[in-house]
Amino acid sequence: MIRWTRSPIPCLLAFVVLAIGCGDDRPHADPATMREIAARGRVVGTTLEDGVVHAWRGIPYAKPPVGPLRWRAPQPAEPWEGVREALTSGSPCTQLGGEPILGSEDCLYLDVYAPAMAADAAASAAERLPVMFWIHGGGNSMGWGDQLPPTALVRDNEVVVVTINYRLGIFGWLSHPALRASASGPEDASGNFGTLDMIRALEWVRDNIAGFGGDPDRVTIFGESAGGIDVFSLLVSPRAKGLFHGAIAESGAPTTMTRAQAEHYTDATDGVEAGLPGSSSELVAALLVQTGRADDREQAKRVAAGLSHGELEAMLRGLSAEALLAPFIAVLEDESMPIYITPTVYRDGHVVSDGEPLELFATSGGWNEVPVIAGTNREEAKLFFLMSSPHVSRTFGIPTGLSNERLYDVEGEYGGLAWRAMGADEPIAAMQQVASESVWAYRFDWDEEGSPFGIELPKLLGAAHAVEMLFVFGLQDLGWADRILYDDVESARVLSEQMRSYWANFAHKGRPGRGQAHELPDWAAWSPRRGAPKYLIFDSERDGGLEVGTDRIDQAFVLRRAAQDPRLLDDSERCRVYRNFVKWSEVLTPEAYVAIDDGVCADHPLGRRTPFPSLSHETGGDGDGRAG
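Each residue of the sequence shown is one higher than the last, beginning at 1 in the numbering used here.
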């Protein structure tokens, strides 16, 4: 949700994945799942959920983007001979987190889950079901499509779910003049290769999903965190127009970057827009030092300036994936999550429109005008604070309690407010000016985790980032682990059923309404009128249940409130909230932080702003300024 994205898949979900796995350990091909992929070949999948769900995993939707296809627009997959067994998901895309990396550049695969039906029924137009197209989160530099199984949505809510892998980090988004010089067209030149992967997968859905029982004219894209950013980016993508018919952004934000921010050095001057940490120029400089062609950053800048576009491109294309990621690997040695900092989603004017997304949303014809749901969690930032805040007590590195509950809660509250302003209120209010009755917002308030071994997760995590995914995808039966995640399992199941009912009804009918069974409170569209419904609050019955919120906020409101909040007792505490705004949101830029309140935070510097500290010209401070 931020200019330089750092929004990891949480430890909590990592635990869930370990507990439930990503499907059967030894799947078997089921002849009833035989399907034809247009002009490519036949596939056979497997059966799940005691026979009520069919699954096809690891279907290629594009050629492997390797060799000369690295940093090129995805090409349609090659046909194959015979029957392809689609029993296991494709490799995650290349990312950090292994030894030292995991995944593969050959990663453009998708999974399809559908209610079990015979092939002739699947092909019948009358029987086709809406499609929900999932875009995973992970800062756009980590994660994979099958981290959470969508079988509950498919089993209980009569939808077809497609999950995808897409190129990540510098493999998915890299804009550099040397790569543009050899581009064969505007897509290759865009730098938005990860976005183009999503579009290619949506084209695959358009061409093939009917054979799996899905309706290509009822496709809803939905994603969380970076996946929510990607949902917003597809809404302002001319190339994606007509490929989807509804959109749900969970904890995302309409964040796009200029070509200059993606490419320039972070200390660019003389009227040139500065680049962001992890820009392609900064990466090239780090690689020149790493490969021994320069001794330091300043020499690397001179060396780069003397190389032709062809020489720079040959260097980039000639390096292995591990070598390309090496400058980021050193930074992550002590990190709890393998997210690395690099700009993503560029306003190239072809794949992504050239303009501020909020301005585009408020302009008729400025975006792909489909029904939209957007929302955030009340305490988004607590997930990140859990592993980084000095207010958290730890035993052997494990968070066990709070040393300053007051500040932890205040900082968590402002993190949630900033995320809500960016990810829900501002974009939905802008869209409402064009889409009128076709936009909805929500806030997720559930905070009733368990307290294993006396560790009070409701205080440490609460309604944190990514927790809502467990409810949207349907609570899995984790046995003993249920009590770790949920204080009241049955209450959590009811909330999960409610959320899935709204999400699925949106996919079926283009509005959440009263859910699939028409028995829930009517989820009213966003209204600009004072005191009218703005969003739906999701919580357990014992904490108020489903309620309507009528207030509206924006980033300016959040900043004003922090400046006047009596709970912040001195400049040090207030500046810490301000630093969090820089680190985790767009409420404050680094430049605005330095100037705020007549320089009150001068004694509390941001710290480094580059992912390559050994090359940094911006050091000092306590490290809190590490870009989000």
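Yeah, the Cβ is synthetic: ideal placement off N, Cα and C, and Gly gets one too.
Just so we're clear, the structure is a prediction, and the values are computed from it rather than from any experiment.
Is the beta carbon of Y113 closer than 9 Å to that of W647? Residue numbering for the chain in the displayed model covers 1 to 628; residue 647 lies beyond these limits and cannot be assessed.
Nearest-angstrom beta carbon gap, T94 and F193 [assumed within contact, 8 Å]: The residue labelled residue 193 in the question sits at position 193 within the sequence shown. The residue labelled residue 94 in the question sits at position 94 within the sequence shown. About 12 Å; that fails the 8 Å criterion.
So, at 7 Å on beta carbons, what are the nonlocal neighbours of G90 in its own chain, with the 5 sequence-adjacent residues on each side left out? If you number the sequence shown from 1, residue 90 lands on position 90. Result list for G90: G58, C107, Y109, N165, in chain order.
Hey, would you say D445 sits closer than 9 Å to G544, going by beta carbons? For this step, residue 445 is matched to residue 445 along the sequence shown. For this step, residue 544 is matched to residue 544 along the sequence shown. Yes, the pair counts as a contact, with Cβ atoms nearer than the cut-off.
Smallest Cα separation from F612: which of S281, S237, E158, P130? Stepping through the sequence shown from its first residue, residue 612 is reached at position 612. Ranking the options by Cα distance to F612, first place goes to S281.
Measuring straight from C-alpha to C-alpha, what distance separates V44 and E127? Counting from 1 along the sequence shown, the entry for residue 44 is found at position 44. Counting from 1 along the sequence shown, the entry for residue 127 is found at position 127. If I take the Cα positions, the gap works out to 20 Å.
Between the Cα of I537 and those of G549, A563, Y486, spot the shortest distance and give me the residue it belongs to. As a first step, residue 537 must be located in the sequence shown, where it is residue number 537. For the residues G549, A563, Y486, the minimum Cα distance to I537 belongs to G549.
Based on DSSP bridge pairs, tell me the residues matched to T46. Position 46 of the sequence shown, counted from the start, is the residue given in the question as residue 46. Paired residues: A55.
Going by beta carbon distance, what residues of the same chain come within less than 7 Å of G191, once the five residues before and after it are set aside? Residue numbering aside, residue 191 sits at position 191 when the sequence shown is read from its first letter. Excluding positions up to five away in sequence, the list reads W173, L174, S175, A262, Y346, D348.
Considering only the beta carbon of each residue, do R630 and R567 sit closer than 9 Å? In this structure the chain extends from 1 to 628, so residue 630 is not present and cannot be described.
Residues of its chain near L307, where Cβ-Cβ distance is below 7 Å and the 5 sequence neighbours each way are ignored: The residue labelled residue 307 in the question sits at position 307 within the sequence shown. Closer than 7 Å at the Cβ level, and outside the excluded window around L307, lies no residue.
Minimum length 3: unbroken beta strand (DSSP E) runs contained in the segment 117–175: 129–135, 160–164
Is it a yes or a no for the segment 225–235 touching the segment 131–140, going by three-plus beta-carbon pairs under 8 Å? yes
Can you grab the Cα-Cα spacing for the pair G423 / G375, in whole Å? As a first step, residue 423 must be located in the sequence shown, where it is residue number 423. As a first step, residue 375 must be located in the sequence shown, where it is residue number 375. Cα to Cα, the separation comes out at about 6 Å.
The beta strand (DSSP E) that contains T363, what's its start and end? Stepping through the sequence shown from its first residue, residue 363 is reached at position 363. Counting along the chain, T363 falls outside any beta strand (DSSP E), and DSSP gives it neither H nor E.
Based on the DSSP secondary-structure assignment, which residues constitute the bridge partners of F697? The structure shown does not extend to residue 697, since the chain is modelled only from 1 through 628, so no value can be given for it.
Buried or exposed: which applies to E497, given that a residue is buried once 16 or more other Cβ atoms fall within 10 Å of its Cβ? For this step, residue 497 is matched to residue 497 along the sequence shown. Per the 10 Å Cβ criterion, buried.
The beta strand (DSSP E) enclosing I209, as first and last residue numbers: The count along the sequence shown starts at 1 and reaches residue 209 at position 209. No beta strand (DSSP E) holds I209; DSSP gives it neither H nor E.
CA-to-CA distance, V303 to V272, given in whole angstroms: Taking the first residue of the sequence shown as 1, we reach residue 272 at position 272. Taking the first residue of the sequence shown as 1, we reach residue 303 at position 303. Roughly 20 Å separates the two Cα atoms.
If you compare alpha carbons, which of L48, A125, D197 is closest to T151? Here the question's residue 151 lines up with position 151 in the sequence shown. That would be L48, whose Cα lies nearest to the Cα of T151.
Simplified DSSP assignment, three categories, for R70: Indexing the sequence shown from 1 puts residue 70 at position 70. R70 falls in the coil class under three-state DSSP.
State the Cα-Cα distance for the pair K509 and L102, rounded to the nearest angstrom. Counting from 1 along the sequence shown, the entry for residue 509 is found at position 509. Counting from 1 along the sequence shown, the entry for residue 102 is found at position 102. Spanning the two alpha carbons is a distance of roughly 40 Å.
Going by C-alpha to C-alpha distance, which of S451, W440, D571 sits closest to Y535? Working through the sequence shown from its first residue, we reach residue 535 at position 535. Out of S451, W440, D571, W440 has the C-alpha closest to the C-alpha of Y535.
Determine which residues share a DSSP beta bridge with V392 and list them. Residue 392 sits at position 392 when you count from the first residue of the sequence shown. V392 is bridged to L402.
Between the C-alpha atoms of R35 and F384, what's the straight-line distance to the nearest angstrom? Here residue 35 corresponds to residue number 35 of the sequence shown, with the count starting at 1. Here residue 384 corresponds to residue number 384 of the sequence shown, with the count starting at 1. Between R35 and F384, the C-alpha separation is close to 43 Å.
Per DSSP, E224 forms a beta bridge with which residues? Sequence index remark: in the sequence shown, residue 224 carries index 224 (1-based). For E224, which the question treats as bridged, DSSP gives the partners E250.
DSSP three-state label for W503, please. As a working mapping, residue 503 is identified with position 503 in the sequence shown. Here W503 sits in helix by DSSP.
Check each candidate in G415, Y414, S388 and name the one with the smallest Cα separation from E402. Start at 1 with the first residue of the sequence shown, and residue 402 comes out as number 402. According to the sequence provided, residue 402 is Leu. The question's Glu does not apply to it. Among G415, Y414, S388, the Cα nearest to that of L402 belongs to S388.
Starting from Q95, follow its DSSP beta bridges and name the residues at the other end. For the purposes of this step, residue 95 is taken as the residue at position 95 of the sequence shown. DSSP, once it has assigned bridges, lists L102 as partnering Q95.
Just to confirm my understanding: we take I553, look at its own chain, exclude 5 residues before and 5 after, and list those with CB closer than 6 Å. What are they? Here residue 553 is taken as the residue at index 553 of the sequence shown, counted from 1. The residues are A421, D425.
Supposed contact pair I329 and P100 - C-beta distance, whole angstroms, cut 8 Å: Your numbering for residue 100 matches position 100 in the sequence shown. Your numbering for residue 329 matches position 329 in the sequence shown. That pair is a contact at about 5 Å.
When you compare the CB positions of E250 and E468, do they come within less than 9 Å of one another, or not? In the sequence shown, counting from the first residue as 1, residue 250 sits at position 250. In the sequence shown, counting from the first residue as 1, residue 468 sits at position 468. For E250 and E468, yes; Cβs fall inside 9 Å.
Find the nearest neighbour of G145 within the set V131, L520, V162, V154, judged by alpha-carbon distance. The sequence position of residue 145 within the sequence shown is 145, counting from 1. Per the Cα distances, V162.
How long is the line joining the alpha carbons of V434 and V558, rounded to whole angstroms? Position 434 of the sequence shown, counted from the first residue, corresponds to residue 434. Position 558 of the sequence shown, counted from the first residue, corresponds to residue 558. Each residue's alpha carbon lies about 25 Å from the other.
Opposite V439 in the DSSP bridges: which residues? One-based indexing of the sequence shown puts residue 439 at position 439. The partner list for V439 (beta bridge, DSSP) reads V372.
Of the residues A189, A418, H350, I37, the one placed nearest R70, counting alpha carbons only: Counting from one through the sequence shown, the residue named residue 70 turns up at place 70. The residue with the shortest Cα to Cα distance from R70 is A189.
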